[in-house]
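Worksheet: the structure to be examined is printed underneath.
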Amino acid sequence: MQGDGAGALAVRLRVIGFASDFGTRDPYVGICHAVIARIGLALRVIDLGHEIPPGDIRGGAALVAQAAPFLPAAPVLLAVVDPGVGTDRAGLVVRTGADALLVGPDNGLLPWAAGALGGAAAAYAIENRALMLEPRSHTFHGRDVFAPVAARLALGLRPAEVGPPLPVEHLARLPDPVVVVTPGRLTAEILMVDRYGNLQTAARLEQLTAAVGEGGSAAEDGSLPGAADDRVLTVEAGDNALAARLGTTYGSVPPGEAVVYLDSAGLVAVARNGADAATALRVGAGDQIMISG
Amino acid sequence: MQGDGAGALAVRLRVIGFASDFGTRDPYVGICHAVIARIGLALRVIDLGHEIPPGDIRGGAALVAQAAPFLPAAPVLLAVVDPGVGTDRAGLVVRTGADALLVGPDNGLLPWAAGALGGAAAAYAIENRALMLEPRSHTFHGRDVFAPVAARLALGLRPAEVGPPLPVEHLARLPDPVVVVTPGRLTAEILMVDRYGNLQTAARLEQLTAAVGEGGSAAEDGSLPGAADDRVLTVEAGDNALAARLGTTYGSVPPGEAVVYLDSAGLVAVARNGADAATALRVGAGDQIMISG
Amino acid sequence: MQGDGAGALAVRLRVIGFASDFGTRDPYVGICHAVIARIGLALRVIDLGHEIPPGDIRGGAALVAQAAPFLPAAPVLLAVVDPGVGTDRAGLVVRTGADALLVGPDNGLLPWAAGALGGAAAAYAIENRALMLEPRSHTFHGRDVFAPVAARLALGLRPAEVGPPLPVEHLARLPDPVVVVTPGRLTAEILMVDRYGNLQTAARLEQLTAAVGEGGSAAEDGSLPGAADDRVLTVEAGDNALAARLGTTYGSVPPGEAVVYLDSAGLVAVARNGADAATALRVGAGDQIMISG
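Chains as they are written, first to last, in the numbering used here: chain Y, 1 to 293; chain Z, 1001 to 1293; chain F, 2001 to 2293.
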């Protein structure tokens, strides 16, 4: 449409990454896909996950931030975990330093993803009714507000056309995840527990090293300092504890045993080889674990 | 774009909306997608939901009817909840007043969706073996009959080519959902319970108003009459009851409290703010609730 | 279509079928889709199922082998169930007699699918670091190794470019499923239990016939020999048993009763009409059942 033929057009479309707490049992995700296709049949949507626990803004923020950097360049990121839908919380478009456009509610869901995509550079409150489905419901802004705006942005709409600018420092923000380093002990909040029962904490390698390391640094291949040694660490949560070794992957330890490693997001994690670490420690996202040794 | 070659072709392809009770654990949904792609690589399929409870025709009919109106114009709607697969129940193509083409078994699954897409205008029994996969199984007509027919219709096949016409008044129909209005009380069947535990009933605003309203009508913004007042309603199911207020959204009431509102499908619904109304009332789809006050 | 521009290109892209044990709760599947889209925006991915039980190589092999033959011709099949990720198990590309390219770990996951796609013709160990994401994690080769390689193969990369050839007879293989035929009794391993509770065994029609048949052969329409007779079979697993009849589909027997039939993959299966056979027999994939009569 904008010069010469379908090729040129396709090149300019932004891919839409889409995450929500809508679940896959109900028709909500499909309806949002349908709304986007109605607005632009050529638009490409990549589902990043829709099983965020209902209303879990923090879990959603962690998931979206982790997936976002792998999207094609300059994506639209449509994220909806919105327990305050229909109240006076704003709807947002956030433009980042990497030219990503994030769309979702102003409740803390988006800033971590914005940080992972170059940092929030500008934000706008979605107020332009011409972009919304009518009648607009009070309980499904994913369908009536966020999906249509995401589709139009993917087709080339400038963010400023959705509504008035908001200072990025005024956006709702979640408390930072807890990470506390003391001599011999790392205390870290769990960001995600995956289906394998692996625990991802908010701690980075240097924090683990500062707490329990021996001054080493990660080898070029991403393995942990001391990964080859035999030292036993203790991973605790409340009254439950696991003995663990440093390693690079599940198979670094015998079946059933626990390993502390850097996971695929570059964060300190705990797993059991072929078994479930979260169940053994009785923990979930938002809980804290202590690693000592 | 509309004169020559692939562009012109793409414009004429129908989008396929696809819903089933196949679940996402088994390969059945993926196999149907593969079959459609084999027949037309350019075809676009939008999944509307595959976690309809196994064999739940009524739940499937409600889901499909709710999602269908949001599909791009003139869609093919492929819907499969088919406990009678391989028996003498017919396979159907239904053409609607809005030029949608519905494909699925003749067991009551399709008529509500047809109603949401302009009403059934014509129906055909799928009998043309040349359109089916061979060998045709007795237990997976989604793969062998319905998906191939949906794909060919999306590519331009005329519905009459699938087989002989059937009078639309002879199609299998589900009993209408129960809605009973008496002075001071609305009794309504639950159509869907979503993952948040929100209850969608089959009742419309005017029925709620006739039962418990004060003669008001919905404001232009979709809020319920009396949504601003303080009147307490009672929502009952068997021995369980919730006190509820009229509102427009979950946040209309304090956390944990119940609200009666018009949901995103325009139906009377019951939710608890940040909590699960269905579990509190111990109800599911197909049960009835009473709203009084 | 094969002369000029985008049309010619589209013809040459391979479709990617994708199955894993990543689940849909975590962002892993979406991240792999994102990685593929980054490498080739026009690539088409068909999800074949991501709810393979965590680490269940055998269940994954059965699912992938069953879905693969329905993909468009010459597909790339990306399959990841990889409990040994990051250890010295190789990553594979397997080329089959039907020009399919299979990508995944060398742990037994791929050979059954290769058999369903014309048989393994050549295999290569993925060692070419230029094809992988950097930094390459030790725990998510789906993202860092297999998805990028699958994307490049779909775009036209020759398999030999991924790394050195491996003799196909050296690939890791799972033990064959157990099927034992004795007079009056068929003992067969369960390959899959689907969400309806239907049991798919590894046995073929001729094995059932040899054990309990009367010398008949399957009719042209796929019905079992004896499907019209009244003979009662016994299906046993441990201390549990069901009386069953031969039939062609669920509706061949009254509601709640059991039927032995050839399923949509052409394998001997056991179901209950509108009910769950697996729960009644307390069995799952990998268990064995005995059919006698």
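Cβ coordinates follow ideal geometry from the N, Cα and C atoms, glycine included.
- In this structure, ALA2125 of chain F keeps its C-beta atom at 9 Å or more from the C-beta atom of LEU2174 of chain F.
- In chain order, ALA10, VAL15, ARG44, PRO72 make up the part of chain Y whose C-beta sits under 8 Å from the C-beta of LEU2041 of chain F.
- Of all residues in the region 145 to 178 of chain Y, none places a beta-carbon less than 7 Å from a beta-carbon of chain Z.
- Of all residues in the region 19 to 32 of chain Y, only ASP21, PHE22, GLY23, THR24, ARG25, ASP26, PRO27, TYR28, VAL29, GLY30, ILE31, CYS32 come within less than 9 Å of chain Z when Cβ atoms are compared, listed by chain position.
- Taking all protein chains shown into account, LEU2063 of chain F has 16 or more neighbouring C-beta atoms within 10 Å of its C-beta and is therefore buried.
- Counting only runs of 4+ residues, the alpha helix (DSSP H) found wholly inside the region 1118 to 1199 of chain Z occupies 1147 to 1155, in chain order.
- In summary, the residues of the region 2046 to 2070 of chain F whose CB is separated from some CB of chain Z by less than 7 Å are ILE2046, ASP2047, LEU2048, GLY2049, GLU2051, LEU2063, GLN2066, ALA2067, PHE2070, in the order they occur in the chain.
- Per DSSP, reduced to three states, the secondary structure at LEU1246 of chain Z is strand.
- Looking from the CA of ALA2114 of chain F, the closest CA among F:THR2096, F:ALA2130, F:GLY2108 belongs to F:THR2096.
- It is roughly 11 Å from the alpha-carbon of LEU1157 of chain Z to the alpha-carbon of VAL1076 of chain Z.
- Shown here, PHE18 of chain Y sits in a strand according to DSSP, grouped into three states.
- Residues of the region 2252 to 2265 of chain F whose Cβ lies closer than 9 Å to any Cβ of chain Z, in chain order: SER2252, TYR2261, LEU2262, ASP2263, SER2264, ALA2265.
- Within its own chain, the residues whose Cβ lies closer than 7 Å to the Cβ of THR201 of chain Y, once the five positions on either side in sequence are excluded, are ALA188, GLU189, ILE190, LEU191, LEU267, VAL268, ALA269, ILE289, listed in chain order.
- VAL80 of chain Y is a Cβ neighbour of GLY104 of chain Y, given a cutoff of 9 Å.
- Restricting attention to beta strand (DSSP E) runs no shorter than 3 residues, the region 1253 to 1289 of chain Z encloses them at 1258 to 1262, 1268 to 1272, ordered along the chain.
- The continuous alpha helix (DSSP H) containing ILE2039 of chain F extends over residues 2028 to 2039.
- Listed as beta-bridge partners of ALA2079 of chain F by DSSP are F:ALA2019.
- In this structure, ALA160 of chain Y keeps its C-beta atom at 9 Å or more from the C-beta atom of ILE39 of chain Y.
- DSSP places THR1096 of chain Z in the uninterrupted beta strand (DSSP E) bounded by 1091 to 1096.
- Contact of THR96 of chain Y with chain F is not assigned, every C-beta pair being separated by 9 Å or more.
- Distances from the CA of ALA121 of chain Y to each of Y:LEU131, Y:ASN128, Y:GLU127, Y:LEU110 were compared; the closest alpha carbon is that of Y:LEU110.
- Here GLU134 of chain Y is exposed: its Cβ has fewer than 16 other Cβ atoms, across all protein chains shown, within 10 Å.
- Within the DSSP bridge table, the entry for THR2234 of chain F names F:ALA2243, F:SER2292 as partners.
- Sequence-distant partners of HIS2138 of chain F (beyond 5 residues in either direction) whose C-beta falls short of 6 Å from its own C-beta, in its chain, are GLY2086.
- Around the beta-carbon of GLY238 of chain Y, fewer than 16 other beta-carbon atoms lie within 10 Å, marking it exposed.
- Against chain Z, the beta carbon of GLY2274 of chain F has neighbours under 7 Å at GLY1055, PRO1083, listed in chain order.
- DSSP places ILE1057 of chain Z in the uninterrupted alpha helix (DSSP H) bounded by 1057 to 1067.
- In the three-state reduction of the DSSP assignment, PRO1053 of chain Z falls in the coil class.
- Each residue's CA atom was taken as its position, placing ALA2241 of chain F and LEU2281 of chain F some 6 Å apart.
- Per DSSP, PRO1072 of chain Z lies in no beta strand (DSSP E) and is assigned neither H nor E.
- By the Cβ neighbour-count rule, GLY2023 of chain F is buried, with 16 or more other Cβ atoms within 10 Å of its own.
- By the 16-neighbour rule on beta-carbons within 10 angstroms, ARG2272 of chain F is buried.
- Proximity to ALA73 of chain Y across F:GLU2127, F:PRO2255, F:GLY2108, F:VAL2035 peaks at F:VAL2035, based on C-alpha coordinates.
- Residue-level contact check: ARG245 of chain Y does not touch chain F, since none of the beta carbons of chain F fall below 9 Å from its beta carbon.
- Per DSSP, the beta-bridge partners of LEU101 of chain Y are Y:VAL76, Y:ARG95.
- When the alpha-carbon of PHE2140 of chain F is set against those of F:TYR2028, F:ALA2210, F:ARG2185, the nearest one is in F:TYR2028.
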